[in-house]
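There are 2 protein chains.
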Amino acid sequence: MEVIKELPKGFKANGYKDGYGFSIIISEKKAIASGVFTRNKVKAYPVIYSKDLLEKKKEFKAIIANSGNAICLIKDGFETVNRIIEKASELFNLNKEDILIASTGVIGRKLDFGMLEERMIKVKELLENGNSIVNAAKGIMTTDKFPKYVAVKIGDVRVCGIAKGAGMINPNMATMLCFILTDIKIDKEDLDKLLKDIVDKTFNNISVDGDTSTNDTVFILANGESGVDYKNCKEDFYKALLFVCRELAKMIVKDGEGATKFLELTIKNAKSREDAKKAGKAIINSLLVKTALFGGDPNWGRIIAALGYSGAEFKDVDLILSNGNEEIYLMRNGIGEDSGDILKKAENIMKGKEIKIIVDLKVGDVDETFYGCDLSYEYVKINAEYTT
Amino acid sequence: MEVIKELPKGFKANGYKDGYGFSIIISEKKAIASGVFTRNKVKAYPVIYSKDLLEKKKEFKAIIANSGNAICLIKDGFETVNRIIEKASELFNLNKEDILIASTGVIGRKLDFGMLEERMIKVKELLENGNSIVNAAKGIMTTDKFPKYVAVKIGDVRVCGIAKGAGMINPNMATMLCFILTDIKIDKEDLDKLLKDIVDKTFNNISVDGDTSTNDTVFILANGESGVDYKNCKEDFYKALLFVCRELAKMIVKDGEGATKFLELTIKNAKSREDAKKAGKAIINSLLVKTALFGGDPNWGRIIAALGYSGAEFKDVDLILSNGNEEIYLMRNGIGEDSGDILKKAENIMKGKEIKIIVDLKVGDVDETFYGCDLSYEYVKINAEYTT
Chain A
745 MEVIKELPKG FKANGYKDGY GFSIIISEKK AIASGVFTRN KVKAYPVIYS
795 KDLLEKKKEF KAIIANSGNA ICLIKDGFET VNRIIEKASE LFNLNKEDIL
845 IASTGVIGRK LDFGMLEERM IKVKELLENG NSIVNAAKGI MTTDKFPKYV
895 AVKIGDVRVC GIAKGAGMIN PNMATMLCFI LTDIKIDKED LDKLLKDIVD
945 KTFNNISVDG DTSTNDTVFI LANGESGVDY KNCKEDFYKA LLFVCRELAK
995 MIVKDGEGAT KFLELTIKNA KSREDAKKAG KAIINSLLVK TALFGGDPNW
1045 GRIIAALGYS GAEFKDVDLI LSNGNEEIYL MRNGIGEDSG DILKKAENIM
1095 KGKEIKIIVD LKVGDVDETF YGCDLSYEYV KINAEYTT
Chain B
745 MEVIKELPKG FKANGYKDGY GFSIIISEKK AIASGVFTRN KVKAYPVIYS
795 KDLLEKKKEF KAIIANSGNA ICLIKDGFET VNRIIEKASE LFNLNKEDIL
845 IASTGVIGRK LDFGMLEERM IKVKELLENG NSIVNAAKGI MTTDKFPKYV
895 AVKIGDVRVC GIAKGAGMIN PNMATMLCFI LTDIKIDKED LDKLLKDIVD
945 KTFNNISVDG DTSTNDTVFI LANGESGVDY KNCKEDFYKA LLFVCRELAK
995 MIVKDGEGAT KFLELTIKNA KSREDAKKAG KAIINSLLVK TALFGGDPNW
1045 GRIIAALGYS GAEFKDVDLI LSNGNEEIYL MRNGIGEDSG DILKKAENIM
1095 KGKEIKIIVD LKVGDVDETF YGCDLSYEYV KINAEYTT
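These protein sequence lines are chains A and B, in that order.
Under this note's numbering, read the first sequence as residues 745 to 1132, first letter to last.
Under this note's numbering, read the second sequence as residues 745 to 1132, first letter to last.
Following this line, the structure appears as structure tokens:
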């Protein structure tokens, strides 16, 4: 597998951001599409619209996305979505029913259509001059500090993904937008299954603040232009797709609003996948764990307290702190290590930017990895001042 | 009902805090006792010890509590508890089996027994000179900024409570310590039922940070010294106990680590009590709601997003913001109000110190009130720097 710069075969993409943002991804030929959406009961109109469309047909030619307004909990929501789809169809010469749409931004505010239209026209001009994954990733940013994209090649197959997300990130479906393009030849059933599985292993295991948004959307388009059939490279394609999604998931956490530290948490030997998720989520979402991380404080009791209220089963837990090189047992067989020497070593590790924690539950054989970040003054600042 | 300054008849209490803290409450005659404990699977040793004792016998003479060390996840935890009980029995002339114990503080650190013993001796001296509810409330403080106590009289019955708690506060059992004393005559069965019901309506509906601690404990002692039988004043006693618990619950939230604003959230017309709790907890625990509160930002979409992922049922929701005088509809029948006039009014209300939010789910007839606070820089500071 090789990290590349270019889009998969037969795709075009560009975007533009200035207050409002707009991005478009186009496949020259029709592509098999799949999607995963927020589990929030309150769903933004673009989510309802695209979900419905994906249930009705399986081939699409484009994904469009706007940032700055979520098109959620407003009057005339469907009319707004239709107006954007219509405009995109006209500008980019597409059939309306071949376009999927996603949105991100403030909830409950009327969209300034004129402002969005300006961005759409700008993107049309940019696209006429070529492709830019970076611009496409920029067009969907809100509080993101950097554009998120990754592209790989494995054999003759290319997989590329862009994502946005820095707040409202909770491991119950990736609270973010992510669009993945590939030129592999694959049928709808396999694509649906693969996407669901990989989203659950990557975006569903990250957390910035535990809030699940109304707009979460992952789309994948597979246009078959590489000529390579999925049936002949199942393992390789799985690896490539997992890599793309995991890298994007990590980027989202690293760009977590106000995040100064990155946590990789491995839950080991859980009784079930569900139990591993319960434990992992409780720990990466705990405010006390997150602030201890920010403070570089080896107050590991908070990790075990979070495990305790997670609902997961465990017995004689081991708790291990690591910086990648050195491993320190903070708790062994359910009893804390409180020697000054160990706490000092732990403090040193906690001062680092990237911290690994392993919690061995010792009641089964399921392992699962989660990605989280700390909670800083900056998070509070960003979110106290965001709307206006 | 009258707010008073003195303890219920037949009780003594005092406490002392200097790094480590210690408090004691003694009933001269044996009192009927009841307790409610943390639901965290990781329970501190004093919780396991007292829970077990309360299952075996129903009358007690004393509650003791230490602050600064949680006696949790350490080697020799039961030995530590026994040593404290033994010391208290000797100093205060009590039978060991008549003493209930609770602890609060850092998890996983060995207790410095000599330091605690000094505090216990100090409290013995203080108690010889008289009672002090305030000192008893101070002795159990950790990051609390003020001691929490309230006492009322209704007819000839007195009810008094002290509490501590400012962090690790989550509405799934009061994450805190609370000790209630009353001179009413009541049997064990009634007392158990009453305590459970009232804790669920008060301490279980508050939140500071969503973390449930390993040490949460509520004790009540009823010594019958007023001569008044519960059977003859059920309603009055209920009212008094509810008042004491609600006031203490509100104090805990107002003293929430770093809290600058107080939120009273009413969920109206929920389908069930469980649904009301789901909705209320999701909203008061949402980091995005809490930071919006801190920023005085009427970003109400975050409230509805939290409602959406809570799992509660709702339909055509109304969302009302109030300062106690003026009421503003931010959402009516599921559609947001985005006129500049309304947002401006909302912004003014959000600037206040005490904010009321009403969410009408319109699918049933259960109402429930919750108390929360904002998330400020100060919360991050306190919790990034707490352990050492």
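Using N, Cα and C, we set each Cβ at its ideal position, and we do this for glycine too.
Check the DSSP bridge columns for residue i and list the partner residues they point to.
i	result
G1080 (chain A)	A:M1075
V988 (chain B)	Looking at the DSSP assignment, V988 (chain B) forms no beta bridge with any residue, so it has no partner.
A777 (chain B)	B:L965
G1045 (chain B)	None; G1045 (chain B) has no bridge partner.
E1091 (chain A)	E1091 (chain A) is not bridged to any residue.
T848 (chain B)	B:S811
R902 (chain B)	B:K897
L921 (chain A)	A:K908 and A:T961
A1023 (chain A)	Beta-bridge pairing links A1023 (chain A) to no other residue.
T886 (chain B)	DSSP lists no partner for T886 (chain B).
K806 (chain B)	One detail in the question is off: residue 806 (chain B) reads as Ala in this sequence, not Lys. A806 (chain B) pairs with B:I770 and B:I843.
G765 (chain B)	B:K761 and B:S811
T1113 (chain A)	A:T1010
S970 (chain A)	Per DSSP, none; premise fails for S970 (chain A).
T926 (chain B)	B:V903 and B:A966
So, for residue i: in the same chain, excluding its five sequence neighbours on each side, which residues have a beta-carbon less than 6 Å away from its beta-carbon?
i	result
E1098 (chain A)	F1006
P752 (chain A)	R902, C904, L925, T926 and D927
G1108 (chain B)	N1013, A1014 and K1015
K1022 (chain B)	S1054, G1055 and A1056
E1122 (chain B)	G1002
I807 (chain B)	I769, L844, F923 and F963
T1113 (chain B)	T1010
G1179 (chain A)	A query on residue 1179 (chain A) cannot be resolved here, the shown segment of chain A reaching from 745 to 1132 and no further.
D1111 (chain A)	K1012
Once the 5 residues before and after residue i are set aside, which same chain residues still bring their CB inside 8 Å of it?
i	result
M917 (chain B)	Note that M917 (chain B) scores 34 on pLDDT, short of 50, meaning its location in the model is unreliable and no value can be drawn from it.
E1187 (chain B)	Since the first residue of chain B shown is 745 and the last is 1132, residue 1187 (chain B) is not available in this structure.
G763 (chain B)	G812 and M859
E830 (chain B)	K840
So, for residue i: in the same chain, excluding its five sequence neighbours on each side, which residues have a beta-carbon less than 7 Å away from its beta-carbon?
i	result
V972 (chain A)	G899, D900, V901, I928 and K929
T1004 (chain A)	F1038, D1118 and S1120
M1075 (chain A)	W1044, I1048, V1061, D1062, L1063 and E1081
T848 (chain B)	S811, A814, I884, T886, K908, L921 and N959
I877 (chain A)	L751, A757, Y893, A895, C904 and I906
N875 (chain B)	L751, K756, A757 and N758
T827 (chain B)	Reading off the sequence shown, one finds Arg at residue 827 (chain B), where the question assumed Thr. Excluding residues within five positions, the ones whose Cβ falls inside 7 Å are F857.
Considering just the uninterrupted stretch of the alpha helix (DSSP H) at residue i, what are its terminal residues?
i	result
V1107 (chain B)	Unbroken run through V1107 (chain B): none, as it is neither H nor E.
R863 (chain B)	F857 to E872
D796 (chain B)	Y789 to K800
I748 (chain A)	From DSSP, I748 (chain A) is part of no alpha helix (DSSP H); its letter is neither H nor E.
L1037 (chain B)	L1031 to G1039
T1010 (chain A)	Run containing T1010 (chain A): none in the alpha helix (DSSP H); it sits in the beta strand (DSSP E), F1006 to A1014.
G821 (chain B)	G821 to F836
A880 (chain A)	I877 to G883
Y1138 (chain A)	Since the displayed chain A opens at 745 and closes at 1132, residue 1138 (chain A) lies outside it and no answer follows.
Quick check on the DSSP output: the beta strand (DSSP E) that includes residue i runs from which residue to which?
i	result
D934 (chain A)	Taken as a continuous stretch (DSSP letters only), D934 (chain A) belongs to no beta strand (DSSP E), being part of the alpha helix (DSSP H) at K932 to K945.
G759 (chain B)	F755 to D762
I1066 (chain B)	First, the residue type needs correcting, since residue 1066 (chain B) is Ser and not Ile in the sequence shown. Counting along the chain, the beta strand (DSSP E) containing S1066 (chain B) begins and ends at D1062 to S1066.
(request) Quick one: which residues of the stretch 813-832 of chain B get their C-beta closer than 8 Å to a C-beta of chain A? List them in chain order. (result) A814, C816, L817, I818 and K819
(message) Any contact between the stretch 987-1006 of chain A and the stretch 1082-1093 of chain A? By contact I mean 3 or more CB pairs, one from each, below 8 Å.
(response) no
(message) I want to know whether the stretch 752-770 of chain A touches the stretch 863-872 of chain A - three or more CB-CB distances under 8 Å.
(response) yes
(message) Using a Cβ-Cβ cutoff of 9 Å, what residues of the stretch 777-808 of chain B are near chain A? List them in chain order.
(response) T782, R783, N784, K785, V786 and K787
(message) Does the stretch 1100-1109 of chain B come into contact with the stretch 1042-1059 of chain B, if we say contact requires no fewer than three beta-carbon pairs (one atom in each stretch) closer than 8 Å?
(response) yes
(request) Check whether the stretch 876-893 of chain B touches the stretch 755-762 of chain B, taking contact to mean three or more Cβ pairs, one atom from each stretch, closer than 8 Å. (result) yes
(message) Three or more C-beta pairs under 8 Å: does that hold for the stretch 789-801 of chain B against the stretch 829-846 of chain B?
(response) yes
(message) Counting only Cβ-Cβ distances shorter than 9 Å, please list the residues of the stretch 1104-1117 of chain A near chain B, keeping chain order.
(response) none
(request) Mind checking the stretch 1041-1060 of chain B against chain A and listing, in chain order, the residues whose C-beta falls within less than 9 Å of any C-beta there? (result) D1041, P1042, N1043, W1044, G1045, R1046, I1048, A1049, A1050, L1051, G1052, Y1053, S1054, G1055, A1056, E1057 and F1058
(message) Which residues of the stretch 843-867 of chain B have a Cβ closer than 8 Å to any Cβ of chain A? Give them in chain order.
(response) V850, I851, G852, R853 and K854
(request) Scan the stretch 1078-1103 of chain B for residues whose Cβ lies nearer than 9 Å to a Cβ of chain A and list them as they occur along the chain. (result) G1078, I1079, G1080, E1081, D1082, L1087 and E1091
(message) Can you pull out the residues from the stretch 877-898 of chain B whose beta carbon lies closer than 9 Å to at least one beta carbon of chain A?
(response) none
(message) Along the stretch 995-1010 of chain A, where does the CB come closer than 7 Å to a CB of chain B? Name the residues.
(response) none
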